[in-house]
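Student:
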Amino acid sequence: MTPIGLYIHVPFCDGKCPYCDFFSMRGNAETMDKYTNSIINKIKKYKLEYPKMQADTLYFGGGTPNLLGAERLCSILTAAKEAFGLKNAEITVEANPDRNLRDFFRQVKQEGVNRVSLGLQSTNAKELCALGRRHTAKDAARAVEDAHAAGIENVSLDLMLAVPGQTRDSLRESIRFCLNVGVTHLSAYLLRVEEHTAFWQKRRQLSLPDEEQAAELYEMTCSELESGGLSQYEISNFAKPGRESRHNLKYWNLQPSLGLGPAAHSFFNGKRFYWPRSLQGFLNGEEPLSEEDSDIPAGSFTEYAMLRLRLTAGLTETECHEHFGCGIPEHLRKTAKHYEQAGLTAVSPECVRFTPKGFLVSNALLAEML
Ligand code: SF4
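Note that this note's numbering has the sequence shown beginning at 221, numbered continuously upward.
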């Protein structure tokens, strides 16, 4: 049985950032205790049902996982180790640099956490304020130092592109900051104004960079990070050699993953399912819902190609043969070849992949190719 990636969604935050559509809410100690017990019970239930199942990555995402506190988080981690081994596993915790994380990092490191992902977003005070974030660049630098001091040297930062008021210069400063504090990994996301967010309500008043400016910011980010030693390996992800996120690579390589917690998604036993966005429902033992009615069948070649083409490694003949017993389809190869001259794709006998320019229009390219 291939080891799975285990994802735990921690749905608690101090407040709601105006651009965020993740499932999160405020939580008190009692709710967090209940939530911790529910997760541990689910872990035990899966262990009973799949006694041979092992995991080699664990990712605490959110929400703000550090709000759970080291003790609760470590008790979930202990249960996960007992159930799924987690031998030589990559164990990541997302954290918010708006508070002192020194003791938290020290305690979770002792239980096996070896990777930290911090929501930096920007180092520019005006941009942070526009995004409703409560930390400063100094707080973020201290959080990285604290992770390093605790012995966690695998640190990732999240950066946001095309935020209100962002310029090439201000973004370059944020990028330099990331390179200077010595992170091993960086995720750079273009801001999308999603429905049901505060930004959506006031979308006409936001001074957002237009599409062309956003594309420029993205391409600049790719090249600055590349020259700073963080190579792009996915549309939005960059890493030092060997520091690519093992957990997220499982998603893009269509490997099995089990997500626990409200709003967590899974690809497990060849099926896709998710828990509804309801904490109460999850605490009450609600069962996950199937994603079977999705247009793209779980585990199909179309799904595999869509995910693999997010990676700079692209779609390869060898891996297509390994997984599906056939090479890259001729129609896909031909369409990719057509866009090669425009600098959107790169095609070789072994591989079809998108360039950074191509990543910017990947949805349109995929629609033609698949
Ligand atoms: S801290 Fe993160 S998860 Fe929480 S509201 Fe802000 S962006 Fe969303």
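Quick reminder that beta carbons are idealized off the backbone N, C-alpha and C, glycines included.
Output needed for residue 533: all residues of its chain with C-beta closer than 8 Å, excluding positions within five of it in sequence on either side, in chain order.
Tutor: Stepping through the sequence shown from its first residue, residue 533 is reached at position 313. So the qualifying residues of the chain are 453, 571 and 573.
Student: From which residue to which residue does the alpha helix (DSSP H) around residue 524 run?
Tutor: The residue labelled residue 524 in the question sits at position 304 within the sequence shown. Segment 521-528, the alpha helix (DSSP H) holding residue 524.
Student: Assuming residue 461 contacts residue 482 (C-beta within less than 8 Å), just tell me the rounded distance between them.
Tutor: Walking along the sequence shown from the start, residue 461 turns up at place 241. Walking along the sequence shown from the start, residue 482 turns up at place 262. Actually they do not touch by this definition, with Cβ atoms about 36 Å apart.
Student: Rounded to whole angstroms, what's the CA-CA distance from residue 507 to residue 306? Just pull it up for me.
Tutor: What you label residue 507 is simply residue 287 of the sequence shown in a count that begins at 1. What you label residue 306 is simply residue 86 of the sequence shown in a count that begins at 1. So the alpha carbons of these two residues sit roughly 25 Å apart.
Student: Quick one: does the C-beta of residue 481 sit closer than 7 Å to a heavy atom of the ligand FAD?
Tutor: Ligands displayed in this structure: the ligand SF4; the ligand FAD is not among them.
Student: I'd like to confirm the pairing. Which residues does DSSP put opposite residue 305 in its beta bridges?
Tutor: Stepping through the sequence shown from its first residue, residue 305 is reached at position 85. Partner(s): 275.
Student: Does at least one heavy atom of the ligand SF4 sit under 7 Å from the Cβ of residue 237?
Tutor: Reading the sequence shown from its first residue, position 17 is the one you call residue 237. Residue 237: yes, Cβ under 7 Å from the ligand SF4.
Student: On the three-pair Cβ rule with 8 Å, is the region 350-360 touching the region 272-279?
Tutor: The region 350-360 vs the region 272-279: no contact.
Student: On the criterion of 16 or more Cβ atoms from any shown chain inside 10 Å, does residue 470 qualify as buried, or is it exposed?
Tutor: In the sequence shown, the residue the question calls residue 470 occupies position 250. Residue 470 comes out buried.
Student: Can you find the residues in the same chain that come closer than 7 Å, C-beta to C-beta, to residue 450, ignoring five residues on each side of it along the sequence?
Tutor: Reading the sequence shown from its first residue, position 230 is the one you call residue 450. 406, 458, 459 and 460, listed in sequence order.
Student: If contacts are defined as beta-carbon pairs under 8 Å, then residue 277 and residue 225 qualify, I think. What distance do you get, rounded to the angstrom?
Tutor: Stepping through the sequence shown from its first residue, residue 277 is reached at position 57. Stepping through the sequence shown from its first residue, residue 225 is reached at position 5. Sure, about 4 Å apart at Cβ, within 8 Å.
Student: Quick check on residue 452: does DSSP put it in helix, strand or coil?
Tutor: Residue numbering aside, residue 452 sits at position 232 when the sequence shown is read from its first letter. Three-state result, residue 452: strand.
Student: Ends of the alpha helix (DSSP H) at residue 225?
Tutor: Translated into the one-based positions of the sequence shown, residue 225 becomes position 5. Run containing residue 225: none in the alpha helix (DSSP H); it sits in the beta strand (DSSP E), 224-230.
Student: Is it the case that the Cβ atoms of residue 284 and residue 467 are separated by a distance below 8 Å?
Tutor: Counted from its first residue, the sequence shown places residue 284 at position 64. Counted from its first residue, the sequence shown places residue 467 at position 247. For residue 284 and residue 467, no; Cβs fall outside 8 Å.
Student: In three-state terms, what does DSSP make of residue 561?
Tutor: Residue mapping note: residue 561 aligns to position 341 of the sequence shown, counting from 1. Residue 561: coil per DSSP, three-state reduction.
Student: Cβ atoms of residue 485 and residue 241: under 8 Å apart, would you say?
Tutor: As a first step, residue 241 is located in the sequence shown; it is residue number 21 there, counting from the start. As a first step, residue 485 is located in the sequence shown; it is residue number 265 there, counting from the start. Result no, Cβ atoms of residue 241 and residue 485 do not sit closer than 8 Å.
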